[in-house]
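A.B. asks:
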Amino acid sequence: MAQHSRRRDLVSRDSPPADSPPPAHQGGSGNGARADVARKTKEEVDHLLAKLENEGVEIDGKIASIIGDGIARIRDEAAREHLDKIRKEKVMTVR
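Quick note on numbering: the UniProt record's numbering labels position 22 of the sequence shown as 22, and the sequence is numbered without any gaps.
Next comes the structure, spelled out in structure tokens:
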């Protein structure tokens with residue numbers, strides 16, 4: 001029971017059920033897109049944590065934070081790589 005009450009603190013009430021598919025990623029541009037990515041990252045973290053808890057893994061706030069930070073770093077790096085690729089393609093087409 002204690003682990004369940006801890007979990008409630010980590011996940012908002014509108015989080016998807018543990019057995020639902022992860023939220024789909026939709027791209028965009030500008031600051032609104034950045035906020036959208038942050039929201040979707042949080043949804044994906046919540047979904048992952050719910051699935052882990054459903055499998056019996058005990059998740060505390062520190063573990064949830066580590067997982068969330070890791071996913072955010074991966075997304076940031078992927079976004080940077082994508083922008084670098086676009087910039088290189090533009091430079092190549094201008095020459």
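All C-beta atoms in this analysis are idealised placements derived from N, C-alpha and C, irrespective of residue type, glycine included.
Between the alpha carbons of Asp84 and Ala35, how many angstroms are there, rounded?
C.D. replies: Looking at the two C-alpha atoms, the distance is approximately 21 Å.
A.B. asks: So, are the CB atoms of Thr41 and Ile67 less than 8 Å apart?
C.D. replies: no
A.B. asks: Go ahead and pull the three-state DSSP assignment for Gly68.
C.D. replies: helix
A.B. asks: What is the rounded straight-line gap between the Cα of Asp46 and the Cα of Glu89?
C.D. replies: One C-alpha to the other measures close to 36 Å.
A.B. asks: With a CB to CB cut of under 8 Å and the five nearest residues on each side skipped, what residues in its chain are close to Ala78?
C.D. replies: Closer than 8 Å at Cβ, skipping near neighbours: no residue.
A.B. asks: Could you name the residues of the same chain whose beta carbon sits closer than 8 Å to that of Ile86, not counting the 5 residues immediately before and after it, in chain order?
C.D. replies: none
A.B. asks: Quick one: grab the DSSP three-state call for Glu89.
C.D. replies: Helix at Glu89.
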